[in-house]
Amino acid sequence: MELNWNEILTGEMLTFALLGKAFYADPDPAWLRALATDEVFAEAPFAASQPQVVAALQLLQTWSRGISDQAIDDARADYTRLFIGPGQVVTPPWESVFFSQERLTFQQETLQVREWYRRFGLQAERLYQEPDDHIGLELEFVAHLANLGLRALAQTDQAEFDALIDAQKKFLTEHLTRWAFDWCAQVEQHAHTDFYRGIAMLTRGALAEAARVFGAPTPAETHA
Numbered sequence: 005m006e007l008n009w010n011e012i013l014t015g016e017m018l019t020f021a022l023l024g025k026a027f028y029a030d031p032d033p034a035w036l037r038a039l040a041t042d043e044v045f046a047e048a049p050f051a052a053s054q055p056q057v058v059a060a061l062q063l064l065q066t067w068s069r070g071i072s073d074q075a076i077d078d079a080r081a082d083y084t085r086l087f088i089g090p091g092q093v094v095t096p097p098w099e100s101v102f103f104s105q106e107r108l109t110f111q112q113e114t115l116q117v118r119e120w121y122r123r124f125g126l127q128a129e130r131l132y133q134e135p136d137d138h139i140g141l142e143l144e145f146v147a148h149l150a151n152l153g154l155r156a157l158a159q160t161d162q163a164e165f166d167a168l169i170d171a172q173k174k175f176l177t178e179h180l181t182r183w184a185f186d187w188c189a190q191v192e193q194h195a196h197t198d199f200y201r202g203i204a205m206l207t208r209g210a211l212a213e214a215a216r217v218f219g220a221p222t223p224a225e226t227h228a
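Pasting the structure below:
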């Protein structure tokens, strides 16, 4: 069956942009409340048939229905505990730390990801101050590639479109699928709120679908 690339890339762009922001940015109370009141998690624009996505949406819909000042405070506290500290960070959000026994940042993964961003017109907002291989930035980069793919599709530039599809496969293979499945599982295990537990599940499902669509390693293959 021929793929509907416009639908796939639009859904992927929206989904990965949301996931990237959820992991990268200190969650603003107004943004969290808007996610609930706007029923953002009522359906998935991408990977809707993935089991993790189905389960994640159920969890996030329940969280949305129970939105309150306390729920928002709890989500913000969970973000700090999981990704910032104080003390030892529970689930460090950087690829380089994930692969470093010494939990070091700014390793070869950081430089490789920085070069990927540069090739496609991006630069980390806090360049040299924060590692470029933050999970949120990597997810937002996939959204950026999807957006560029949509632009090439609209311009009927087949060569550019093919190059962007290949870029997605390579970036997923060389980076996100190597660590993000396991990292998200750790977040699910250690999160104290259904919000971050659900976001991690949603990310695993979205990545599994992206791996399937673009021919990158699936979760089973990364553990083979």
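For the sequence shown, the numbering used here gives the first residue as 5, with consecutive numbering after it.
Cβ atoms here follow ideal geometry from the backbone N, Cα and C, with glycine treated the same way.
* Asked: For the segment 165-193, which segments carrying the alpha helix (DSSP H) assignment without a break, of at least 4 residues, lie completely within its bounds, in sequence order?
  -> none
* residue 196 (DSSP reduced to helix, strand or coil) -> Looking up residue 196 in the sequence shown gives position 192. Coil at residue 196, not helix or strand.
* **Cβ contact check for the segment 152-171 and the segment 43-57: 3 or more pairs under 8 angstroms** => No, because fewer than three Cβ pairs between the segment 152-171 and the segment 43-57 fall closer than 8 angstroms, the two stretches do not touch.
* If you compare alpha carbons, which of 26, 145, 192 and 193 is closest to residue 16? -> One-based indexing of the sequence shown puts residue 16 at position 12. Looking at the Cα atoms, 145 is the closest of the given residues.
* **Rounded C-alpha distance that separates residue 149 from residue 9** => Position 145 of the sequence shown, counted from the start, is the residue given in the question as residue 149. Position 5 of the sequence shown, counted from the start, is the residue given in the question as residue 9. When rounded, the distance between both Cα atoms is 13 angstroms.
* Tell me whether residue 213 is buried or exposed, calling it buried when 16 or more other Cβ atoms sit within 10 Å of its Cβ. => Taking the first residue of the sequence shown as 1, we reach residue 213 at position 209. Under this definition residue 213 is a buried residue.
* Which whole runs of the alpha helix (DSSP H) in the segment 77-133 are 4 residues long or more, in chain order? -> 99-102 and 112-123
* Going straight from the alpha carbon of residue 100 to that of residue 136, what length do you get? -> One-based indexing of the sequence shown puts residue 100 at position 96. One-based indexing of the sequence shown puts residue 136 at position 132. Answer to the nearest angstrom: the Cα atoms are 10 angstroms apart.
* What whole-angstrom Cβ distance do residue 97 and residue 70 have, given they're in contact under 8 angstroms? -> For the purposes of this step, residue 97 is taken as the residue at position 93 of the sequence shown. For the purposes of this step, residue 70 is taken as the residue at position 66 of the sequence shown. About 26 angstroms separates the two Cβ atoms, so there is no contact after all.
* Within its chain, find whatever has a CB closer than 7 angstroms to the CB of residue 151; leave out the 5 residues flanking it on each side and keep chain order. => As a working mapping, residue 151 is identified with position 147 in the sequence shown. Cβ within range, chain order: 17.
* Which partner residues does residue 138 have in the DSSP bridge list? -> For the purposes of this step, residue 138 is taken as the residue at position 134 of the sequence shown. Paired residue(s): 98.
* Asked: Can you check whether the CB of residue 63 is closer than 7 angstroms to the CB of residue 198?
  -> Counting from one through the sequence shown, the residue named residue 198 turns up at place 194. Counting from one through the sequence shown, the residue named residue 63 turns up at place 59. In this structure, residue 198 lies near residue 63, with their beta-carbon atoms less than 7 angstroms apart.
* **CA-to-CA distance, residue 220 to residue 14, given in whole angstroms** => Start at 1 with the first residue of the sequence shown, and residue 14 comes out as number 10. Start at 1 with the first residue of the sequence shown, and residue 220 comes out as number 216. Their backbone Cα atoms lie some 19 angstroms apart in a straight line.
* **Pairwise C-alpha distance: residue 129 and residue 54** => What you label residue 54 is simply residue 50 of the sequence shown in a count that begins at 1. What you label residue 129 is simply residue 125 of the sequence shown in a count that begins at 1. Each residue's Cα considered, the two are about 32 angstroms apart.
* To do: Return the chain-ordered list of same chain residues with a C-beta closer than 8 angstroms to the C-beta of residue 179, the five sequence neighbours on each side being excluded.
  => Within the sequence shown, numbered from 1, the residue matching residue 179 stands at position 175. Result list for residue 179: 99, 113, 116, 117, 120, 137 and 142, in chain order.
* From 176, 194 and 206, pick the residue whose C-alpha is nearest to that of residue 222; which is it? -> Position 218 of the sequence shown, counted from the first residue, corresponds to residue 222. With distances taken between Cα atoms, residue 222 lies closest to 176.
* Asked: In whole angstroms, what is the alpha-carbon distance linking residue 93 and residue 216?
  -> As a working mapping, residue 93 is identified with position 89 in the sequence shown. As a working mapping, residue 216 is identified with position 212 in the sequence shown. Approximately 32 angstroms, taken between the alpha carbons.
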